[in-house]
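> Numbering (our numbering), first residue to last: 1 to 425.
Note that CB positions come from ideal geometry on N, CA and C, so glycine has one too.
#1: Can you tell me whether residue 144 is helix, strand or coil according to DSSP?
#2: By the three-class DSSP mapping on this structure, what secondary structure does residue 117 have?
#3: Reducing DSSP to helix, strand and coil, say where residue 250 ends up.
#4: So if DSSP puts residue 63 in a beta bridge, which residue, or which two residues, is it bridged to?
#5: Which word fits residue 33, buried or exposed, when buried means at least 16 other C-beta atoms lie within 10 angstroms of its C-beta?
#6: Just mark residue 108 as buried or exposed, buried being the case when its beta carbon has 16 or more other beta carbons within 10 Å.
#7: Helix, strand or coil for residue 129, going by three-state DSSP, please let me know.
#8: Shortest alpha-carbon distance to residue 68 belongs to which of 242, 247, 50 and 237?
#9: In whole angstroms, give me the CA-to-CA distance for residue 409 and residue 240.
#10: Does the region 257-273 come within contact of the region 353-360, defined as at least 3 CB pairs closer than 8 Å?
#11: Spatial neighbours of residue 281 within its chain, please: C-beta separation below 6 Å, excluding the five flanking residues on both sides.
#12: Under three-state DSSP, which class holds residue 225?
#13: Give me the Cα-Cα distance between residue 276 and residue 83, rounded to the nearest whole angstrom.
#14: By how many angstroms is the C-alpha of residue 337 removed from the C-alpha of residue 328?
#15: Residues in the same chain with beta-carbon distance under 8 Å from residue 46, minus the five sequence neighbours each way, listed in chain order, please.
#16: Considering just the uninterrupted stretch of the alpha helix (DSSP H) at residue 301, what are its terminal residues?
#17: Looking only at C-alpha atoms, which of 394, 315 and 415 sits nearest to residue 195?
#18: Expressed to the nearest angstrom, what Euclidean distance is found between the alpha-carbon atoms of residue 76 and residue 322?
#19: Check whether the Cβ atoms of residue 105 and residue 131 sit closer than 8 Å, and answer yes or no.
#20: Fully enclosed by the region 304-368, which alpha helix (DSSP H) runs are 4 residues long or longer?
#21: From residue 417 to residue 117, what does the alpha carbon distance come to, in whole angstroms?
#22: To which residues does DSSP link residue 68 through a beta bridge?
#23: When DSSP labels each residue in this structure, what does residue 42 get in the three-state scheme?
#24: Can you give me the C-alpha to C-alpha distance between residue 325 and residue 348, rounded to a whole angstrom?
#25: Could you tell me whether the Cβ atoms of residue 226 and residue 219 are closer together than 8 Å?
#26: Which residues does DSSP pair with residue 47 in a beta bridge?
#27: Would you kindly report the start and end of the unbroken alpha helix (DSSP H) that includes residue 161?
#28: Nearest by alpha-carbon distance to residue 95: which of 147, 70, 165 and 110 is it?
#29: Have a look at 70, 40 and 81 and flag the residue whose alpha-carbon is nearest the alpha-carbon of residue 64.
#30: Using only CA atoms, which one of 265, 310, 376 and 210 lies nearest to residue 287?
#31: Would DSSP call residue 21 helix, strand or coil?
#32: Are the CB atoms of residue 320 and residue 290 within a distance shorter than 8 Å?
#33: Can you name, in chain order, every residue of its own chain whose Cβ lies under 8 Å from the Cβ of residue 341, other than the five neighbours on each side?
#34: Can you tell me where the alpha helix (DSSP H) with residue 210 in it begins and where it stops?
#35: Please determine, among 401, 264, 385 and 413, the residue with the shortest C-alpha to C-alpha distance to residue 198.
#36: Nearest to residue 392 by alpha carbon, out of 188, 256 and 235?
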């Protein structure tokens, strides 16, 4: 029996290997043909040769006029990297098709066929090949741990075990859409002020390098002492003109050093993480976002039937904060030795009393997932309100900063002219 099983497994692996080899030998062909009514049609087909494309077209009643191999990119595979938004859309599409009764393999084929990103398309085709070879979906997804993280695979595994994969995929799609919405709000809160301030700095550099030197040549003909503020701006302009490359090098070096130290030093990550959470307004938004993601992720995994300790393993990396990541790991340790979840959460001193009390009620009533979803909904709404309030708060603040920087330079350049006008008058 053991020999038969081993032989069967070897046969499956051999078939998978053959499938991958044949897949790698296939090319994509662009074809143009005429149907039975004489109407022009065109499309793409992936197969081993142009003759097979023509044979398939004739079988479908299409007279092939032109079949050409699709040009390959000059520098290997093109296409953007696979982003979390792509995975979210894929999950929704696959969940919809499986709920409609479409077989999983065919669902992968349909979704892959509609992809514009070659990298994502190849990845989906590879996963489909693995499934055709007898692998479970969660095992096939494990080949791509960056795109399909531990949380995703654990949920799929739970769905496969319980025979409710279509329902779990729908749950995953809803979860990812909610998480993407929160990320979008956070990016919106950060992008606007960063962009405006960047423009202000750029305008200031242009004034210092190109505009102020022109004024300086005019000031030399005045034959009078310049105001101190104007002299300061002229000095800054001279420095920028002479050493702009040094400032640029310092900026790039500082950013590179910061990223390098941040990646290698856990203590530095914690320091930055805690410092960001203490920032006014923005820190509160990030804190509320972390709690919303913690509650929704734990609620989804717990509802799917994943044991609490394993669920907390998956949740740790989903909070989006180094500080809360470590806190969730500590919660997991406490729960694994028998502590109640609400007690473990309280010990971190990072969650408000409302969260602790709602978790306690959920544990006592046996409706922990329901209470976690309510917590997530509350904090997601808080994030929405805080981002809207931040936008309203930042607009006048940013205008003041721009006015002080740019307006100050303009005033500094015109001060000698005002002084000269007063003397002439």
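From the atom records:
#1: Working through the chain shown from its first residue, we reach residue 144 at position 144. The answer is coil: DSSP assigns residue 144 none of H, G, I, E or B.
#2: The residue given as residue 117 occupies position 117 in the chain shown. DSSP places residue 117 in coil when its eight states are reduced to three.
#3: As a position in the chain shown, residue 250 is number 250, starting the count at 1. Residue 250: helix per DSSP, three-state reduction.
#4: Here residue 63 corresponds to residue number 63 of the chain shown, with the count starting at 1. Per DSSP, the beta-bridge partners of residue 63 are 34.
#5: Locating residue 33 in the chain shown gives position 33, where the first residue counts as 1. Buried: at least 16 other Cβ atoms inside 10 Å.
#6: The residue you call residue 108 lines up with position 108 of the chain shown. Under the 10 Å beta carbon count, residue 108 is surrounded by 16 or more other beta carbons and is classified as buried.
#7: If you number the chain shown from 1, residue 129 lands on position 129. Helix, per DSSP.
#8: Your numbering for residue 68 matches position 68 in the chain shown. When 242, 247, 50 and 237 are compared, the shortest CA-CA separation from residue 68 is found for 50.
#9: Position 409 of the chain shown, counted from the start, is the residue given in the question as residue 409. Position 240 of the chain shown, counted from the start, is the residue given in the question as residue 240. CA-to-CA, the gap between residue 409 and residue 240 works out to about 14 Å.
#10: No, the region 257-273 does not touch the region 353-360.
#11: Counting from one through the chain shown, the residue named residue 281 turns up at place 281. The beta carbon of residue 281 is closer than 6 Å to those of 390 in its chain, skipping five residues each way along the sequence.
#12: Here residue 225 corresponds to residue number 225 of the chain shown, with the count starting at 1. In the structure shown, residue 225 sits in coil (DSSP, three-state: anything other than H, G, I, E or B).
#13: In the chain shown, residue 276 corresponds to position 276, counting from 1. In the chain shown, residue 83 corresponds to position 83, counting from 1. Rounded to the nearest angstrom, the two C-alpha atoms are 25 Å apart.
#14: To locate residue 328, count along the chain shown from 1; it is residue 328. To locate residue 337, count along the chain shown from 1; it is residue 337. Their Cα atoms are separated by approximately 15 Å.
#15: Locating residue 46 in the chain shown gives position 46, counting from the first residue. Sequence-distant Cβ neighbours of residue 46 in its own chain, meaning closer than 8 Å and more than five residues away, are 26, 27, 28 and 29.
#16: As a working note, residue 301 is residue 301 in the chain shown. First-last of the alpha helix (DSSP H) with residue 301: 282-303.
#17: As a working note, residue 195 is residue 195 in the chain shown. For the residues 394, 315 and 415, the minimum Cα distance to residue 195 belongs to 394.
#18: Stepping through the chain shown from its first residue, residue 76 is reached at position 76. Stepping through the chain shown from its first residue, residue 322 is reached at position 322. Residue confidence for residue 76 is low, a pLDDT of 47 falling below 50, so the modelled location carries little weight; the figure read from the coordinates is stated next. Residue 76 and residue 322: Cα-Cα distance of roughly 36 Å.
#19: For the purposes of this step, residue 105 is identified with residue 105 of the chain shown, where counting begins at 1. For the purposes of this step, residue 131 is identified with residue 131 of the chain shown, where counting begins at 1. Closer than 8 Å, so yes.
#20: Those alpha helix (DSSP H) runs which fall completely within the region 304-368 and span 4+ residues are 308-315, 322-336, 341-347 and 353-365.
#21: Position 417 of the chain shown, counted from the first residue, corresponds to residue 417. Position 117 of the chain shown, counted from the first residue, corresponds to residue 117. Cα-Cα distance, rounded: 59 Å.
#22: By one-based count along the chain shown, residue 68 stands at place 68. In the DSSP assignment, residue 68 is bridged to 30.
#23: Residue mapping note: residue 42 aligns to position 42 of the chain shown, counting from 1. In this structure, residue 42 counts as strand in the three-state DSSP scheme.
#24: Position 325 of the chain shown, counted from the start, is the residue given in the question as residue 325. Position 348 of the chain shown, counted from the start, is the residue given in the question as residue 348. Linking residue 325 to residue 348 through their CA atoms gives a straight-line distance of about 11 Å.
#25: On the chain shown, position 226 is the one that residue 226 refers to. On the chain shown, position 219 is the one that residue 219 refers to. It is a contact, given that the beta carbons lie within the stated cut-off.
#26: Locating residue 47 in the chain shown gives position 47, where the first residue counts as 1. As DSSP reads the structure, residue 47 sits in a beta bridge with 27.
#27: Here the question's residue 161 lines up with position 161 in the chain shown. Annotation for residue 161: the continuous alpha helix (DSSP H) segment containing it runs 150-162.
#28: Indexing the chain shown from 1 puts residue 95 at position 95. Its Cα nearest to that of residue 95, the residue 165 stands out among 147, 70, 165 and 110.
#29: Here residue 64 is taken as the residue at index 64 of the chain shown, counted from 1. Distances from the alpha-carbon of residue 64 to those of 70, 40 and 81 put 40 closest.
#30: Taking the chain shown and counting its residues from 1, one reaches residue 287 at position 287. Shortest Cα-Cα distance from residue 287 to any of 265, 310, 376 and 210 involves 376.
#31: The residue labelled residue 21 in the question sits at position 21 within the chain shown. The pLDDT assigned to residue 21 is 47, lower than 50, so where the model puts this residue is not dependable; a value taken from the coordinates is nonetheless given after this. If DSSP states are grouped into helix, strand and coil, residue 21 belongs with the helices.
#32: Residue 290 sits at position 290 when you count from the first residue of the chain shown. Residue 320 sits at position 320 when you count from the first residue of the chain shown. In terms of Cβ geometry, residue 290 and residue 320 form a close pair [threshold 8 Å].
#33: Here the question's residue 341 lines up with position 341 in the chain shown. Excluding positions up to five away in sequence, the list reads 308, 331, 335, 359, 363 and 368.
#34: Translated into positions along the chain shown, residue 210 becomes position 210. Going by DSSP, residue 210 is part of no alpha helix (DSSP H) at all; its letter is neither H nor E.
#35: By 1-based counting over the chain shown, the position of residue 198 is 198. Considering only 401, 264, 385 and 413, the residue with the shortest C-alpha distance to residue 198 is 401.
#36: The count along the chain shown starts at 1 and reaches residue 392 at position 392. When C-alpha distances from residue 392 are compared across 188, 256 and 235, the shortest belongs to 188.
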